[in-house]
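Residue numbers -21 to -1, 1 to 529, in mature numbering (1 follows the signal peptide of the UniProt record, and there is no 0), belong to the letters of the sequence shown in order. Glycine included, each C-beta is placed from N, C-alpha and C at the ideal position. Since we're looking at a predicted model, the values are computed, not measured.
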Amino acid sequence: MPSSWLMYIFLYVLVCDGVVAQLENSTERDKRPVRKTGDNSGDRVVFLFNTFQNVNVNENETVQAVVSRIPPEVAFITLQFHTQHSNATLSYTRMPGLGLSLTAVDSGLLSPLIPGQTKLSWFLLAPDGDSVAGTGVILPYTSSDPVPGSCNLEFDLDIDPNVYLHYNLFETTIRFAPANIGYSRGSNPPACDTEVGENTRWRLRYDIYQYFLPESDLSEQSLITSIQSVANVQTMREHGKRIMTLSSNDKTEVVFSSIPGQGIIYSVIVRDPVLNTSSSYIPVHTYACSFSSTLDGCDTLELFCMGFGFAAFLFFVLITRTTKLDYDIRLTLTAVIGVVGGVILVMSWWRFGSVMSCVVVVGLMLGFLISSIVFFTPVGDIQVFRSNVVFWVTFSCIVVGVPLFFVRWPREGNITTCGVAGAYAVVLAVNAYIYTSLSYITLNILKRFLNDNFSKAFTDVPFQDIDFMMITVWVVLGVSGIVLQLYRERTRPFFPPSPYLMWLQERERRKTNVLDPSHHTSSLPSRLLARARQLTGRRESAGEHTPLLL
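The structure is reproduced here in structure tokens:
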């Protein structure tokens, strides 16, 4: 019989360790020194509601996060902790366990309170063997506020208020667990899926927010300052941008376009439209690059530039879609094919005098750039263009329509393309050293070419001072280049004639015209011969008769 009682006690301890672990230090008197706000020493830190606290967690150290004097109207509390790129572990218990802790760069825990509870604690650890520095905050909520992640069936925590983020070269995906309507201390949470009426969690709405960090700023201080400015419901609504709203019937997953090197904070605010209350999930951030990997490192980003034109772009898309070659190999082959394509286009004009091929290729490049600009605007986020069929038909119509328009005016079309595309090449060159969002005008289209699921991604990019400056540079360079070329070419043929065909005509003329002195001399290159005749004509018109020396 005593052994049976010992077994029951043992099972009770195991269960209570997970269910009420947040009460571990709420009733006992802890004699250890308290780390005050702003102090980084010791193994205990005291938080105040809505006040950020910077915390250092040393190797093999466990820091206890404590909040006390909790008002009775507070029904549940969230603790969130953020680092720039190092994992930190938040745990309900001193020894982390499955379902009782979370390890991430942006982590959070939610603790429901029991009647009479005025104190609460969690634990912070450094899981990777190195010290971790970050910032944390504790946010209180009342019984009328929705409970983020309370209807979790996917992730490890019982109540999971976290936003889970995954990125690759093309897209960034966030996922989160559904919330539940609020409930008071000591009462059972409402059932999640037994009913679907207005008195259940199905009335909740989820607002997806996005906040851009300063461009090209990978500093830790910039991230900390930004996190502190959007950590709760009110500040995110003031400073962030609402991307969309999901109903409780929608899948709790949203896809965005990846912007390597650009810091972005994503957050979800769950609203109760009946009680007009709201709560915030734990904000999560990404740079869509790695601070430790050399392959997609934030400091060594490789950027593909379509400077090799029409052939290079098509070939890059082709080999990426059909092969598994390494990126550097693909880039090298693209450069080679780009050069070959450029030589072929030039030779088609030089040897055959083909104006149409030049007009078509140049017009398609201008059409591609114009179409990319159109879908870089908010037009690209219109719901109808989520369909690949609608998007590519519209995109192709714009691309093809431009060369058709300039068939009647090939010279003007070529000059316009050189002005617009050449000025954009300057923007891309500047982007190699100073980040600008304008590079994503064409990169977003390239991503959609290469990734079948990119149509679901939101393609918002930050527009800051550098972007407006580069737009000004683009417009000034493009307009001035077009005007200057049109003025210089106003008296010349509508399109340069083929040098090879001109040489054939000149050779035939020399064979048949015995009065031409060149008939009795060795051939000269066509340009040198033309220049010599031009000089002779000028001297004869001036009354001089100087023989031409060959």
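For residue i, which residues of its own chain have a beta-carbon under 7 Å away from its beta-carbon, when the five flanking residues on both sides are left out?
i: Val341; result: Gly392, Asn393, Thr396
i: Asn367; result: Ser434
i: Ser237; result: Tyr146, Asn147, Leu148, Phe149, Glu150, Thr151, Ala267
i: Gly108; result: Glu38
i: Thr214; result: Ser208
i: Val339; result: Pro382
i: Ser226; result: Arg184
When we look at the beta-carbon of residue i and count the other beta-carbons within 10 Å, is it buried (16 or more) or exposed?
i: His61; result: buried
i: Pro140; result: buried
i: residue 530; result: This structure leaves residue 530 out entirely; the chain is present only between -21 and 529.
i: Pro50; result: exposed
i: Tyr466; result: exposed
i: Leu144; result: buried
i: Thr415; result: buried
i: Pro125; result: buried
i: Asn255; result: exposed
i: Pro389; result: buried
i: Asn228; result: exposed
i: Tyr71; result: buried
i: Pro357; result: exposed
i: Gly95; result: exposed
i: Phe447; result: exposed
i: Asp431; result: exposed
Taking the straight line between their C-alpha atoms, what separation do you get for residue i and residue j?
i: Gln206; j: Val36; result: Looking at the sequence shown, residue 206 is not Gln but Ile. When rounded, the distance between both Cα atoms is 19 Å.
i: Arg182; j: Val253; result: 8 Å
i: Glu232; j: Arg427; result: 19 Å
i: Asn211; j: Ser259; result: 6 Å
i: Val369; j: Val363; result: 7 Å
i: Val455; j: Ser418; result: 18 Å
i: Pro127; j: Val249; result: 7 Å
i: Phe134; j: Ala158; result: 13 Å
i: Thr173; j: Val399; result: 60 Å
i: Ala156; j: Ser90; result: 16 Å
i: Arg23; j: Asp137; result: 26 Å
i: Leu104; j: Gly460; result: 60 Å
i: His64; j: Ser201; result: 13 Å
i: Glu217; j: Val409; result: 32 Å
i: Asn29; j: Gln241; result: 27 Å
i: Gly457; j: Ala402; result: 5 Å
i: Gln59; j: Val452; result: 43 Å
i: Ile352; j: Asn423; result: 10 Å
i: Asp305; j: Gly161; result: 51 Å
i: Arg73; j: Thr121; result: 27 Å
Identify the continuous beta strand (DSSP E) that holds residue i and give its terminal residues.
i: Trp453; result: Careful: Trp453 lies outside any beta strand (DSSP E), inside the alpha helix (DSSP H) at 444 to 467.
i: Arg180; result: Careful: Arg180 lies outside any beta strand (DSSP E) and carries neither H nor E.
i: residue 563; result: A query on residue 563 cannot be resolved here, the shown segment of the chain reaching from -21 to 529 and no further.
i: His218; result: Careful: His218 lies outside any beta strand (DSSP E), inside the alpha helix (DSSP H) at 212 to 218.
i: Pro119; result: 111 to 121
i: Leu104; result: 98 to 104
i: Tyr143; result: 142 to 146
i: Ser205; result: Not the beta strand (DSSP E): Ser205 falls in the alpha helix (DSSP H), residues 199 to 208.
i: Phe155; result: 150 to 155
i: Ile56; result: 53 to 61
i: Glu38; result: It is not in any beta strand (DSSP E) - Glu38 carries neither H nor E in the DSSP assignment.
i: Ala67; result: 67 to 70
i: Thr265; result: 263 to 265
i: Ser259; result: 256 to 259
i: Thr82; result: 80 to 83
Who are the Cβ neighbours of residue i in its own chain at under 8 Å, not counting the five residues just before and after it?
i: Val175; result: Trp181
i: Leu92; result: Ile49, Val53, Ala54, Phe55, Ile56, Leu99, Arg164
i: Ala170; result: Thr179
i: Ile450; result: Leu417
i: Asn131; result: Asp137, Ile138, Asp139, Ala156, Pro157
i: Gly468; result: At residue 468 the sequence reads Glu, which differs from the Gly that was named. Around Glu468: Arg390, Ile394.
i: Val405; result: Val452, Trp453, Leu456
i: Asp196; result: Gly242
Can you list, in chain order, the residues of its chain whose CB lies under 6 Å from that of residue i, leaving out five sequence neighbours each side?
i: Pro106; result: Asn66, Thr68, Thr82
i: Ile153; result: Val142, Leu144, Val233, Tyr245
i: Thr179; result: none
i: Val45; result: Val25, Ser100
i: Leu437; result: This sequence places Phe at residue 437; Leu is not what is there. Excluding sequence neighbours, Phe437 sits near Ile222, Phe235.
Starting from residue i, trace the alpha helix (DSSP H) both ways and give me its first and last residue.
i: Asn393; result: 389 to 410
i: Asn367; result: 367 to 384
i: Leu425; result: 419 to 429
| Can you find at least 3 beta carbon pairs, one from the stretch 25 to 41 and one from the stretch 101 to 114, that sit closer than 8 Å? | yes
| field | Any 3 or more C-beta pairs closer than 8 Å across the stretch 430 to 449 and the stretch 189 to 198 | value | yes
| Three or more C-beta pairs below 8 Å linking the stretch 168 to 187 and the stretch 215 to 226 | By the Cβ rule, the stretch 168 to 187 counts as touching the stretch 215 to 226, because three or more pairs are nearer than 8 Å.
| message | For the stretch 373 to 393 against the stretch 343 to 350, do three or more pairs of beta-carbon atoms, one drawn from each stretch, fall closer than 8 Å, so that the two count as touching? | response | yes
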